[in-house]
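A.B. asks: Counted from 1, the sequence shown has number 397 at position 331 by my numbering; the numbering is strictly sequential.
For glycine and all other residues, C-beta sits at the position ideal for the given N, C-alpha and C.
Computed from a predicted model, the values in this text were never measured in an experiment.
Before I ask anything, let me first share the structure, which is written out below as structure tokens.
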Amino acid sequence: MKVALIGLYQSGKSTILSAISGKEAPAGSTEIHEQIVPVPDERLDWLAGLYQPEKIVRATVDSLDLPGLSFVDEHGRAAARRLFGSIRTADLFVVVVRAFESDSVAKYRDRIDPAKDLEELRTEFLLADLELVMTRIEKLEKQVHKPTKTQMQDKVEFDLQLKLQRALEAEQPISSAIHSNLEMEIIKPLGFLTLKPMMVVVNVGENQLDKTFDLPKAAGAGMEVISLCASIESELAKLDADSRKEFMADMGLKESAAVKFVQSCYKTLGLISFLTVGKDEVRAWPIPAGTSALDAAGKVHSDIKRGFIRAETMAYNDLKQLGEEKAVKAAGKMRLEGKTYIVHDGDIINFRFNV
Ligand SMILES: Nc1nc2c(ncn2[C@@H]2O[C@H](COP(=O)(O)OP(=O)(O)O)[C@@H](O)[C@H]2O)c(=O)[nH]1
Ligand SMILES: [Mg+2]
67 MKVALIGLYQ SGKSTILSAI SGKEAPAGST EIHEQIVPVP DERLDWLAGL YQPEKIVRAT
127 VDSLDLPGLS FVDEHGRAAA RRLFGSIRTA DLFVVVVRAF ESDSVAKYRD RIDPAKDLEE
187 LRTEFLLADL ELVMTRIEKL EKQVHKPTKT QMQDKVEFDL QLKLQRALEA EQPISSAIHS
247 NLEMEIIKPL GFLTLKPMMV VVNVGENQLD KTFDLPKAAG AGMEVISLCA SIESELAKLD
307 ADSRKEFMAD MGLKESAAVK FVQSCYKTLG LISFLTVGKD EVRAWPIPAG TSALDAAGKV
367 HSDIKRGFIR AETMAYNDLK QLGEEKAVKA AGKMRLEGKT YIVHDGDIIN FRFNV
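Quick look at the structure:
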């Protein structure tokens, strides 16, 4: 999973990423910086206690830390365009907006206003997409009159691009204008920014921890919005587990930034995890909700999918409650599931296969 952290300059992206990954991120860089963030999952820690595996394999989130954006002049705009070009393959955009007050950190457009910042960024996404649409239209306009092999396809795309143009000009994201799998197939490779799943992180000040930010208009209905304080979180990340717990309790923080961040990414992308256990490893496997046992098997190995017999499945919660596999079996809670079984979050699966 590839996630791009996007925001105006000095919104706290690098600070947040270093808090989440526990690794120092270079500040003020003009390059895109990549960090691999291990997905925190307490279930794996508990399972490791039970199975004593040689290793724990966590899922990871591949995070791109972008240099801060600015749209106040042409130079900034050009730099932003170049950066936009390099995040077209990301699966998810995490937009970071600043809410913290600080005299020592320069303000964008002389304001602290997360809703306005978010709106400005989303407008820039729309404009960048509109540019791309216009480029395609210009090209296709000529092409549709040529009797080439792709003429039919070109006509279909041409009409579709005109529809996207109308949506963007009405300030609607491309995601709102795509209505079929066919349209999606044509459009997806172009990497439109307003087609990406998106969530928002509000970087709040040290004294705003319990303030909630209502960004519905700027964020769009149903968008995940989380708030966290980057400067506190990056201090917390430096502590050992015990002191961290203590400080978090003192400040009324229930979850770490990493947990909040990753949970929101998973939710936005509609991902769940199934688990595998054994002496060699305990491991979490992210899959889209609604995945069948057969496709889940394919995640582990194509041979397991090919020779699939059944999925021996128990729920993590049952195992935790009953303490061991034997007890789960005795309670009749070990299930034999077939190819079409829809995998649930926290299913512990042992695939039976034959190749
Ligand atoms: N007071 C305060 N300062 C912060 C907070 N988050 C980031 N900063 C500071 O703001 C500046 C910009 O942060 P940085 O993470 O480099 O922003 P980026 O440009 O979005 O990557 C740095 O000097 C940080 O120390 C915060 O929550 N509170
Ligand atoms: Mg930065």
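How about residue 150 and residue 259: are their beta carbons less than 8 Å apart?
C.D. replies: Yes. Within cutoff.
A.B. asks: Can you give, in chain order, each stretch of the beta strand (DSSP E) that sits fully within the stretch 277-302 and has at least 3 residues?
C.D. replies: Here the runs fully enclosed are 291-294.
A.B. asks: Pick out whichever of 198, 257, 266 and 270 has its Cα sitting closest to the Cα of residue 235.
C.D. replies: Cα-wise, what sits closest to residue 235 is 198.
A.B. asks: Any heavy atom of ligand 1 closer than 7 Å to the Cβ of residue 356?
C.D. replies: Every heavy atom of ligand 1 is 7 Å or more from the Cβ of residue 356, so no.
A.B. asks: Between the stretch 377-392 and the stretch 347-355, do three or more beta carbon pairs fall short of 8 Å?
C.D. replies: Short answer: they don't touch.
A.B. asks: The alpha helix (DSSP H) with residue 350 in it runs from where to where?
C.D. replies: Here residue 350 belongs to no alpha helix (DSSP H); instead the beta strand (DSSP E) covers 347-354.
A.B. asks: Kindly provide the ranges of any alpha helix (DSSP H) runs that are 4 or more residues long and lie completely inside the stretch 104-192, ordered along the chain.
C.D. replies: Runs found: 108-117 and 140-151.
A.B. asks: Based on the DSSP secondary-structure assignment, which residues constitute the bridge partners of residue 408?
C.D. replies: In DSSP, residue 408 forms a bridge with 358.
A.B. asks: Determine the direct distance from the alpha carbon of residue 305 to that of residue 81, and round the result to whole angstroms.
C.D. replies: About 16 Å.
A.B. asks: Check whether the stretch 306-325 touches the stretch 81-90, counting contact only when three or more Cβ pairs, one atom from each stretch, lie closer than 8 Å.
C.D. replies: In short, these stretches touch, since the Cβ pair count reaches three.
A.B. asks: On the DSSP bridge assignment, give the partners of residue 403 in chain order.
C.D. replies: Residue 403 pairs with 377.
A.B. asks: Quick one: residues in its chain with C-beta nearer than 7 Å to the C-beta of residue 313, no 5 flanking neighbours on either side, listed in chain order?
C.D. replies: Same-chain partners within the cutoff: 302 and 305.
A.B. asks: Between which residues of its own chain and residue 220 is the CB-CB distance below 6 Å, once the five residues before and five after are set aside?
C.D. replies: Closer than 6 Å at the Cβ level, and outside the excluded window around residue 220, lie 206, 209 and 210.
A.B. asks: Please say whether residue 414 and residue 388 have beta carbons closer to each other than 8 Å?
C.D. replies: No, the pair does not count as a contact, with Cβ atoms beyond the cut-off.
A.B. asks: Could you tell me which residues DSSP puts in a beta bridge with residue 68?
C.D. replies: Answer is 128.
A.B. asks: Just verifying my parser: in three-state terms, what is the DSSP assignment at residue 342?
C.D. replies: Residue 342 falls in the strand class under three-state DSSP.
A.B. asks: By DSSP's criteria, residue 74 is part of a beta bridge. Which residues make up the other side?
C.D. replies: Answer is 135.
A.B. asks: To the nearest angstrom, report how far apart residue 247 and residue 195 are at their CA atoms.
C.D. replies: For residue 247 and residue 195, the distance between alpha carbons rounds to 20 Å.
A.B. asks: Quick check on DSSP: helix, strand or coil for residue 197?
C.D. replies: Of the three classes helix, strand and coil, the one that applies to residue 197 here is helix, per DSSP.
A.B. asks: Tell me which residues share the same chain as residue 153 and place their Cβ nearer than 6 Å to its Cβ, disregarding the 5 neighbours each side in the sequence.
C.D. replies: Closer than 6 Å at the Cβ level, and outside the excluded window around residue 153, lie 70.
A.B. asks: Less than 7 Å between C-beta atoms, sequence neighbours within five positions excluded: which residues of the same chain meet that for residue 297?
C.D. replies: Excluding residues within five positions, the ones whose Cβ falls inside 7 Å are 81 and 272.
A.B. asks: What is the rounded straight-line gap between the Cα of residue 265 and the Cα of residue 254?
C.D. replies: Distance between the alpha carbons of residue 265 and residue 254 is about 19 Å.
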